[in-house]
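To start, the structure itself, in structure tokens.
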Amino acid sequence: MTIELETYSPEETIELAKKAGALMRGGEIICYRGDLGAGKTTFTRGLSLGMGLGDEVTSPTFALVNEYRGKAGLSLIHFDMYRINGGADLETTGFFDYMDDDTVLAVEWSENISDELQDYEVITITIDRIDDNTRKITLLGDERFAVLEC
Ligand code: ADP
Ligand code: MG
């Protein structure tokens, strides 16, 4: 199923992502599609809030991966795959080792690892920049997002 929504500010994107974050059960792989500045990191900040992990989410551009772990409950692992090229490269990020029932993986530049992910069930979130403050956000792959429409 596909849900398509528009947001008109970063705050609105965070609010939407927060609702999506509250729906996470663990084990999800979220694959972002969208250019630089689309709002992938902003969306991840909302996810973290919705998962009860706070709003201190920064871009994993240099570290490649940032971990957000609570005292209990779900963890969020945020990847930047911009410079990742192929399976061996992906292994070095620890991507597969992070996969766990109580962990949500959120992946920027997921198109760079699409071959490696073809056997996995993923949630694809596409963010298109319409203008300075408007984003079209398309969520694909999970029935539970239907509640986000209203
Ligand atoms: P990415 O991770 O995709 O490169 P970021 O989340 O780092 O993008 O940056 C998105 C930028 O776009 C931020 O500067 C944010 O303030 C701005 N922005 C403007 N409108 C929106 C919106 N509706 N949703 C998300 N970000 C927005
Ligand atoms: Mg980013």
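Each step along the sequence shown adds one to the number in the numbering used here, with nothing skipped, and position 133 is 123.
Every residue gets a Cβ at the ideal spot worked out from N, C-alpha and C, and that includes glycine.
All of these numbers come straight from a predicted model, not from anything done at the bench.
query: First and last residue of the uninterrupted alpha helix (DSSP H) at K126; result: No alpha helix (DSSP H) contains K126, which is instead part of the beta strand (DSSP E) from 125 to 130.
query: Bridge partner(s) assigned by DSSP for F69; result: V55, V97
query: At least three beta-carbon pairs within less than 8 angstroms, the stretch 17 to 24 to the stretch 49 to 58; result: no
query: Outcome for I120 when other beta-carbon atoms lying within 10 angstroms are tallied against a minimum of 16; result: exposed
query: E5, enclosing beta strand (DSSP E) - first and last residue; result: That residue, E5, is in no beta strand (DSSP E); its alpha helix (DSSP H) goes 0 to 12.
query: Span of the beta strand (DSSP E) around E(-4); result: -8 to -3
query: In chain order, each alpha helix (DSSP H) run of at least 4 residues that lies wholly inside the stretch 18 to 58; result: 30 to 40
query: Near the ligand HEM: K30 beta-carbon under 7 angstroms from a heavy atom; result: Summarising the ligand content, the structure contains the ligand ADP and the ligand MG and does not contain the ligand HEM.
query: contact_flag[the stretch 128 to 138, the stretch 107 to 114] where n(CB pairs < 8 angstroms) is 3 or more; result: yes
query: Local Cβ density within 10 Å of L66, reported as buried at 16 or more and exposed below that; result: buried
query: Chain C within 8 angstroms of L95, Cβ atoms only; result: No chain C appears in this structure, which consists of one protein chain only.
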